[in-house]
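A quick write-up on the structure given underneath.
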Amino acid sequence: MAFVAAVITYKRARSMLVRRERFIEIYDSFFDAGVEVTHPEAHEGELWRQPPKMTPAQVEAAYANTIDEERLERDGAGLKALPVNGALADKVRAAHAAVAGVDEARLATDAALQVEVHETLTGDLLDQIEAACCHYLKKHVYGGFRESRRFKRLMQFLYIQQRPVVEDDFALFRVLGRGGFGLVHGCKKCTSGKLYAMKVMNKRRIKARGSEKLCMNERRVLAEVDSPFIVCLKYAFATHDDLILILDLMTGGDLSFHLSLRGAAFSKREATFYAARTALALRHMHDLGIAYRDLKPENILMDEHGYTRLTDLGLACKVTPRGLSGVCGTRGYWAPEMIRRDPATKRRGTYDEKVDWWSYGCLLYEFVIGKCPFRTRAAKEWGGGDDRNRNIDAAILEMEPDFYGHQDEDLIDICRKLLVRDPEKRLGANGAKEVLSHPWFKKLDYHAVEANQVAPPMRPPKDINAASQSEIGAFQDAGSAKCELSEKDCRIYAEWGWTSPRAYQVEVIEYLDLEERCGGE
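So the sequence shown is numbered by the numbering used here: it starts at 840 and just counts up by one.
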């Protein structure tokens, strides 16, 4: 196909993993049925499984030649700026003719058609290729899809999507853990059978601790992030007594749990895999201007297949122009700039998202050595005082970690560069790419990790990878029971309710797929 020839040379010039979502977004650009589709998954599965009036070869050719502009911009590739002239222009025009269903020979002789193609092909190379794809899909695919049974089913599901979820939409399972304001349960969405985690936060407990703003901040941040490397929010709703978050279910346990089971550290293959996924999670948050501020193994969860995600965004916060202030997170993982005081004023300074890369250095050390460098015995005794917490803080400001004779020079180098006390000189100060480009990751293609094309090094056992019910326990804070909720308290959470269009549409696709496999209509 001429369209393939027009692009394949330039794709090979740089290793790029094209995401299918990019192709579907192009399709969605002319989805003008009068119903807003925020995310394209709702018709993704149907389109790719059986596209009306489009052969699998045509779909594959169109998708294979859709270039991910985001990756090009992020990696600084020069392809987007290539001038379209000479032989390249001829190839692009020929490609446009091919996807538009016009014979190249006719294009060469038909002056009117040449003018039409020339007027269509404006902008840079990627714009022209995108225009060619859109033109083909709109002409040969979309009309058939609008007339199909699948389109009608899609409209029905999108209508249902507008209804807010309520407590009765979910069936509860066992308790998986506990947070600061309540328990975390496994649950099932009754209408689709989809399994999630339900985080329940008691309003009275929140009020007793004066944490209303903290909880609303968590909900806002969760609604903003959308990454396969973060435990994402699917639904949020409130009852009279509780605030509820429905999140991705991760049944494989946290990385602290797996480290403790081994009684030792991860292998290098395991450590680099989990570290790369965590760096990609931080990149997503930092790109949104969000500092995570609580990075540690306990906050990295594993799913049933062995893929990890960052969780617990309760302390995540938008970085303001003035920076952030205040100590938060877990002692031992705090960055120096978070706890350092000005000698003259005795006040702590401000900081930004670079604190996460210091914590990331602590995390890598723990993955391979087995313990956080500033929670070791040496750190707890640093300075010789009796107050262990003060000693740990002093160690963060002064102590150089001991690598106990570890022979991996790349590991030692990346940890030392991450644990630089000047945040501007710290590895990661210029973004996640410089971290992931370090030689310690040389045997791991992080682009492949980003596309979930690298198999996890470990699959967790199928039993419950969490503490027992008795170990989790129940809340016994009698003080919160005495708090009364007023109308003002209820108004604070007026904007709590939220539904992720992506989550609902994935449920729809899975339901339709099951229906088709079972022979239903």
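Note that CB positions come from ideal geometry on N, CA and C, so glycine has one too.
Treat the numbers as computed from the prediction; the structure is a model and nothing was measured.
Top-ranked residue by Cα proximity to residue i, from the options
i            : options                : result
residue 1218 : 1225, 1148, 1209, 1233 : 1233
residue 1173 : 1208, 1144, 1134       : 1134
residue 1029 : 1004, 1039, 1038, 1021 : 1004
residue 997  : 1356, 1345, 1353, 1358 : 1345
residue 1033 : 1105, 1086, 1094       : 1086
residue 1176 : 1183, 1197, 1156, 1343 : 1197
residue 1365 : 1164, 1302, 1080       : This structure cannot speak to residue 1365, because the chain is shown only from 840 to 1360.
residue 1240 : 977, 1267, 1265, 1208  : 1208
residue 1299 : 995, 1093, 1264, 1323  : 1093
residue 1155 : 1275, 1263, 1053       : 1053
residue 1262 : 1007, 1195, 986        : 1195
residue 1153 : 948, 1018, 1276, 985   : 1018
Between the CA atoms of residue j and residue i - distance to the nearest angstrom
i            : j            : result
residue 1273 : residue 1111 : 15 Å
residue 1228 : residue 1170 : 8 Å
residue 1251 : residue 991  : 58 Å
residue 1259 : residue 1225 : 27 Å
residue 1289 : residue 1001 : 32 Å
residue 1280 : residue 1091 : 24 Å
residue 909  : residue 1285 : With a pLDDT of only 45 at residue 909, under the threshold of 50, the placement of this residue in the model should not be trusted, and no figure is reported.
residue 975  : residue 1077 : 46 Å
residue 1191 : residue 1160 : 9 Å
residue 1024 : residue 1039 : 8 Å
residue 1101 : residue 971  : 54 Å
residue 1163 : residue 1056 : 14 Å
residue 1186 : residue 1167 : 16 Å
residue 1104 : residue 1117 : 17 Å
residue 1059 : residue 1069 : 15 Å
residue 1328 : residue 1129 : 27 Å
residue 1108 : residue 1271 : 19 Å
residue 1336 : residue 1113 : 33 Å
residue 1222 : residue 1031 : 58 Å
residue 1182 : residue 1268 : 25 Å
residue 1213 : residue 1254 : 13 Å
residue 1047 : residue 1143 : 37 Å
Neighbourhood of residue i by C-beta, 6 Å cutoff - its chain only, sequence neighbours within 5 removed
i            : result
residue 1287 : 1293
residue 1211 : 1171, 1201, 1205
residue 1097 : none
residue 1041 : 1020, 1021, 1081
residue 1256 : 1266
Presumed contact (8 Å Cβ cut-off) between residue i and residue j, rounded CB distance
i            : j            : result
residue 1088 : residue 1146 : At roughly 13 Å, the Cβ-Cβ gap does not stay under 8 Å, so residue 1088 and residue 1146 are not in contact.
residue 1278 : residue 1249 : 5 Å
Cut-off 7 Å between Cβ atoms - residues of its own chain near residue i, not counting five sequence neighbours on either side
i            : result
residue 1051 : 1045, 1331
residue 1066 : 1120, 1123
residue 1063 : 1127
residue 1151 : 1133, 1138
residue 1297 : 1109, 1145
residue 1188 : 1176, 1179, 1181
residue 1193 : 1262, 1265, 1267, 1268
Any non-hydrogen atom of the ligand GTP closer than 7 Å to residue i Cβ
i            : result
residue 1148 : By its list of ligands, the structure shown contains no ligand whatsoever, and the ligand GTP lies outside what it can speak to.
Interface flag, residue i vs chain D, CB-CB below 8 Å
i            : result
residue 1147 : The structure shown contains no chain D, having only a single protein chain.
Beta-ladder partner(s) of residue i, from DSSP
i            : result
residue 1041 : 1081
residue 1180 : 1187
residue 1068 : Partner(s): none; residue 1068 has no beta bridge.
residue 1155 : Answer by DSSP bridge pairing: none, since residue 1155 is not bridged.
residue 1093 : 1140
Beta-carbon proximity list for residue i, same chain, < 8 Å, skipping 5 on both sides
i            : result
residue 1027 : 1009, 1010, 1012, 1033, 1034, 1035
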